[in-house]
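Order-wise, the sequence lines are chains B and L.
The opening position of the first sequence corresponds to residue 84 in our numbering, with each subsequent residue numbered one higher.
The opening position of the second sequence corresponds to residue 84 in our numbering, with each subsequent residue numbered one higher.
Every residue gets a Cβ at the ideal spot worked out from N, C-alpha and C, and that includes glycine.
Accompanying notes for the structure given below.
2 protein chains.
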Amino acid sequence: MLSKKSKYAIKALLALAKVYNEKTPLRISVIAEQEKIPRKFLEAILLELRNQGFVGSKMGASGGYYLAKHPEEIMLSAVIRVTGGPIAMLPCVSLNFYEPCEECVDEATCGLRNVVMEVREASIRILSKTSLADTLNREQMLEKKAVKPKKRVKTK
Amino acid sequence: MLSKKSKYAIKALLALAKVYNEKTPLRISVIAEQEKIPRKFLEAILLELRNQGFVGSKMGASGGYYLAKHPEEIMLSAVIRVTGGPIAMLPCVSLNFYEPCEECVDEATCGLRNVVMEVREASIRILSKTSLADTLNREQMLEKKAVKPKKRVKTK
DNA sequence: AGAACTCCTACCAATTTAGTAGAATAATTG
DNA sequence: CAATTATTCTACTAAATTGGTAGGAGTTCT
């Protein structure tokens with residue numbers, strides 16, 4: 084399960100990605116309101132994202148946050164990783180949060196581990212190929228589908 | 084992340100699957116020792132698995148647990164589901180633990196949801212195709228690989 | 001100077017997880 | 001039949017994690 088922190092982080096970054104072209108930074112309070120994220124919590128999250136180099140900030144009046152990289156360059160897997168969410172289903176197959184199962188006699192021949200590894204690979208394949216920009220594109224595609232159901236294939 | 088409960092459940096079921104042919108049930112204490120699972124905890128887990136129909140039990144002396152179905156018929160996804168582990172990364176894409184994101188204006192056009200859905204599908208595709216028997220097979224394959232590294236393709 | 005921001009440290013309440021204790025109940029076996 | 005060996009079941013609980021909040025210090029713009 085993704086933590087709320089990870090979810091909020093991605094949502095906030097998407098909000099920043101939407102206005103990537105504008106030169107002015109986005110205030111915390113604006114993002115919080117737009118994405119319905121508790122303000123103080125978002126504050127902490129953005130601070131962390133800044134320390135990790137995903138966003139930059141400008142202090143003082145008319146300050147705020149902006150993406151530090153191009154939306155194409157920020158992958159969902161990276162955001163999840165830094166916001167504390169391991170992607171793997173077990174620590175023994177996690178690259179970034181690795182920990183052995185203390186009960187496992189031989190990790191290399193553990194059948195469950197083998198399966199879980201396959202799941203992790205499938206998940207990472209998707210999450211590390213999908214950038215903020217890709218995610219916004221998906222959103223637009225979904226909106227088009229919903230708004231213009233003209234050229235639809237017969238349903239059922 | 085898989086909970087320990089789910090992990091223990093799978094490990095216990097694998098232990099039962101290994102002796103599926105024998106007619107005698109396996110005692111909790113034997114499984115606990117073999118798989119290094121805290122005994123009392125395992126007790127609770129097996130009870131739940133019995134209530135869910137995965138295993139049967141026999142009380143009294145020379146009692147114990149046994150698989151209620153063939154190892155081919157018990158899928159990892161099913162075990163994870165009943166032991167409380169949602170497979171999806173967000174409740175809004177979970178089939179069995181569905182809950183809407185209260186902040187989401189329109190679920191149908193949420194880009195993040197769309198990605199996470201793809202991840203869930205990939206995960207479920209694997210977990211619902213892999214049975215206890217498959218998992219044991221993987222184990223044997225891994226053991227062979229480890230023991231007989233004769234016919235190996237040149238390693239880089 | 002003062003308003004409008006971010007930055008930072010320090011809390012905290014609720015939930016979940018990973019168990020444990022102990023007695024009741026049931027079947028076998030000598 | 002009675003002792004023994006099991007599962008069954010109810011009820012706790014300790015520790016960690018999650019999802020926040022409070023409040024002031026520091027910065028920049030006007």
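Helix, strand or coil for residue i per DSSP?
i	result
L/Tyr91	helix
L/Gly194	helix
B/Met224	helix
B/Lys239	With a pLDDT of only 48 at B/Lys239, under 50, the local geometry of the prediction cannot be trusted, and no value is derived from it.
B/Ser206	helix
L/Met158	strand
First and last residue of the beta strand (DSSP E) that includes residue i?
i	result
L/Gly279	Shown here, chain L extends from 84 to 239; a query on residue 279 of chain L therefore has no answer.
L/Leu150	147-150
Run down chain B in chain order and give the residues with a C-beta less than 8 Å from the C-beta of residue i.
i	result
L/Arg264	The question about residue 264 of chain L has no answer, for chain L in this structure spans 84 to 239.
What does residue i reach in chain L if we use C-beta pairs closer than 7 Å?
i	result
B/Ser206	Val202, Ala205, Ser206
B/Thr218	Gly194, Leu195, Val198
In its own chain, which residues sit with a C-beta less than 6 Å from the C-beta of residue i, not counting the 5 before and 5 after it?
i	result
L/Ile114	Ala95, Ala98
L/Ile93	Val162
B/Lys239	In this prediction, B/Lys239 scores a pLDDT of 48, lower than 50, which makes its location untrustworthy; no coordinate-derived value is stated.
B/Val199	Met172, Leu173, Val176
B/Leu85	Gly168
For the alpha helix (DSSP H) that residue i lies in, which residues bound it at each end?
i	result
B/Ser112	111-118
B/Phe124	122-134
Output needed for residue i: all residues of its chain with C-beta closer than 8 Å, excluding positions within five of it in sequence on either side, in chain order.
i	result
L/Ser277	The structure shown has nothing for residue 277 of chain L, since chain L only spans 84 to 239.
B/Val138	Leu96, Leu99, Leu129, Leu132, Tyr148, Tyr149, Leu150, Ala151
B/Phe180	Pro169, Ala171, Pro174
L/Leu210	Met158, Leu159, Ser160, Ile163, Ile170
B/Tyr91	Glu118, Ile120, Phe124, Leu125, Ile128
B/Glu182	Pro174, Cys175
L/Ile207	Ser160, Ile170
Just to make sure I have the definition right: I need the residues of chain B whose C-beta is within less than 9 Å of the C-beta of residue i. Which are they?
i	result
L/Leu96	Ordered by position in chain B, no residue passes the 9 Å Cβ test against L/Leu96, which lies about 10 Å from the chain.
L/Ala229	Asp189, Ala191, Thr192
Among residues of its own chain, excluding the 5 on either side of residue i, which ones have a beta-carbon nearer than 7 Å to its beta-carbon?
i	result
L/Glu118	Lys94, Ala95, Ala98
L/Lys141	Pro108, Gly147
L/Lys231	none
B/Glu156	Ser214
B/Val102	Leu109
Check the Cβ of residue i against every Cβ in chain B and list those closer than 7 Å, keeping chain order.
i	result
L/Ala169	Before going further, note that residue 169 of chain L is Pro rather than Ala in the sequence given. Under the 7 Å cutoff, chain B gives Met84.
L/Met172	Met84, Leu85
L/Glu118	Glu186
L/Thr213	Val198
L/Glu226	Thr192
L/Leu159	Val198
At 8 Å on the CB atoms, spell out the chain L contacts of residue i, in chain order.
i	result
B/Lys90	Leu173, Cys184, Leu195
B/Leu210	Val198, Val202
B/Ile93	Leu195
Is residue i near the ligand SAM, judged by its Cβ being under 6 Å from some heavy atom?
i	result
L/Gly168	This structure simply doesn't include the ligand SAM, nor any ligand for that matter.
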